[in-house]
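Everything on this sheet refers to the single structure shown next.
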Amino acid sequence: MPSRKFVALLAKGNARLICQRGTSHAIFKRISKGITYHATVVIAKDELSSHYMLIVLRQLGFTDDEIDNLLGQ
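Position one of the sequence shown corresponds to residue 2 (this note's numbering), numbered consecutively onward.
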């Protein structure tokens with residue numbers, strides 16, 4: 002999946018871009034059940050591995066059910 006689609010997927014999951022300063026990475030933030038999660042995401046990449054995307058989703062506090070719902074949309 003390209004970075005742009007992954008970023009759109011994160012936005013659907015209520016993750017928000019909080020910082021990107023002229024680099025190929027951005028920091029996303031998500032609040033779930035009162036806990037704030039942060040993750041760094043590669044922005045300018047044509048293809049992200051499924052393993053990398055799963056790591057980012059986990060760092061942002063997504064559960065298995067939430068991940069299934071996001072990917073099923």
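Backbone N, C-alpha and C fix where the C-beta goes; we use that ideal spot for every residue, glycine too.
Unbroken beta strand (DSSP E) runs of no fewer than 3 residues, entirely contained in the stretch 25-68, are found at 26-33 and 36-43, following chain order. Scanning its chain for C-beta atoms nearer than 8 Å, with the 5 sequence neighbours on each side dropped, one finds around Leu49 the residues Met2, Pro3, Ser4, Phe7 and Val43, in chain order.
In summary, Leu58 is buried, with 16 or more beta-carbon neighbours lying within 10 Å of its beta-carbon over all protein chains present. Looking only at Leu71, Ala12, Thr37 and Ala45, the smallest Cα-Cα distance to Ser25 is reached by Ala45. If you check the CB distance, Gln21 and Ala40 do not come in under 9 Å.
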